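Okay, so here's the structure we're looking at.
In this note's numbering, the protein residues as written are 145 to 378.
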């Protein structure tokens, strides 16, 4: 049984109320929920939130009725891992059967498409990792054009290689961790303390679908990109 999950905390330091704010005519969270409900491989959907309006909205759409998340998991510093653990345990009690894969979609990434979920599940089933994490090629590379200040105040490349790297194409490929989709083995989720303890495999998506909404201007950018996506231009 594959459990789809969306986390939607009430508070937001960057954009207050963003998870229920309208974008392209519907609440931001519905871009994730609607995909999960329509996807043929997802057997049940759960929303972890401390917001009663979001909770009631999600349950009315068909999400599991597990109650609001505990107060200690509703703070800005609460780790995603703990939220996932609670949602998994509460969902299994609600449905009365074991979950074979826990699939999470970040509420703030509405640009994903159904094939992103299908592709991540394929990596999970074919390679049997502890976890699959969506990534996209990083726009900046620490071997080439990301720099740090040393103890003297001077700049140097963040990750240096012998002889240096003088063209982006020659630099080792690095990725941005993006919140498009995660697939986690339930046993690993219950027993590990952090994401990277086990074998975490990448699922690469195009960088154009890797935008998260964290700041007010992100809404305008993502709304434009959603229009481009819906018109088939990206």
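Idealized CB from N, CA, C, for every residue including glycine. Treat the numbers as computed from the prediction; the structure is a model and nothing was measured.
Buried or exposed: where does residue 160 fall if 16 or more other Cβ atoms within 10 Å of its Cβ makes it buried?
Taking the chain shown and counting its residues from 1, the one referred to as residue 160 is at position 16. That one is exposed.
Measuring straight from C-alpha to C-alpha, what distance separates residue 257 and residue 311?
Taking the chain shown and counting its residues from 1, the one referred to as residue 257 is at position 113. Taking the chain shown and counting its residues from 1, the one referred to as residue 311 is at position 167. Between residue 257 and residue 311, the C-alpha separation is close to 33 Å.
At a cut of 8 Å, does the stretch 326 to 335 reach the stretch 243 to 250 through at least three beta carbon pairs?
yes
Check the C-beta distance from residue 344 over to residue 275 and give it rounded, since I have them as a contact under 8 Å.
The residue given as residue 344 occupies position 200 in the chain shown. The residue given as residue 275 occupies position 131 in the chain shown. Confirmed, Cβ separation roughly 5 Å.
Separation of residue 350 from residue 282, as counted between CA atoms
Residue mapping note: residue 282 aligns to position 138 of the chain shown, counting from 1. Residue mapping note: residue 350 aligns to position 206 of the chain shown, counting from 1. Straight-line Cα distance between these residues: approximately 10 Å.
Just confirm the distance between the C-beta atoms of residue 150 and residue 176, as a whole number of angstroms; I'd bet it's less than 8 Å.
Within the chain shown, the letter at position 6 stands for residue 150. Within the chain shown, the letter at position 32 stands for residue 176. Yes, residue 150 and residue 176 are in contact; Cβ-Cβ is about 5 Å, under 8 Å.
Just the C-alpha distance for residue 222 and residue 194, rounded to the nearest angstrom, thanks.
Position 78 of the chain shown, counted from the first residue, corresponds to residue 222. Position 50 of the chain shown, counted from the first residue, corresponds to residue 194. Distance between the alpha carbons of residue 222 and residue 194 is about 12 Å.
Can you list, in chain order, the stretches of the beta strand (DSSP E) that have 3 or more residues and sit fully within the stretch 176 to 215?
188 to 192
Residue 309 by DSSP, collapsed to three states: which one?
Stepping through the chain shown from its first residue, residue 309 is reached at position 165. It is coil, neither helix nor strand.
Report yes if the C-beta distance between residue 254 and residue 172 is below 8 Å; otherwise report no.
Here the question's residue 254 lines up with position 110 in the chain shown. Here the question's residue 172 lines up with position 28 in the chain shown. Their beta carbons are under 8 Å apart, which means residue 254 touches residue 172 by this criterion.
If we cut at 8 Å on Cβ distances, does residue 225 have a partner in chain B?
Included in the structure is just one protein chain, with no chain B present.
Taking the alpha carbon of residue 341 as the reference point, which residue from 373, 225 and 365 has its own alpha carbon closest?
Here residue 341 corresponds to residue number 197 of the chain shown, with the count starting at 1. Measuring from the Cα of residue 341, the nearest candidate turns out to be 225.
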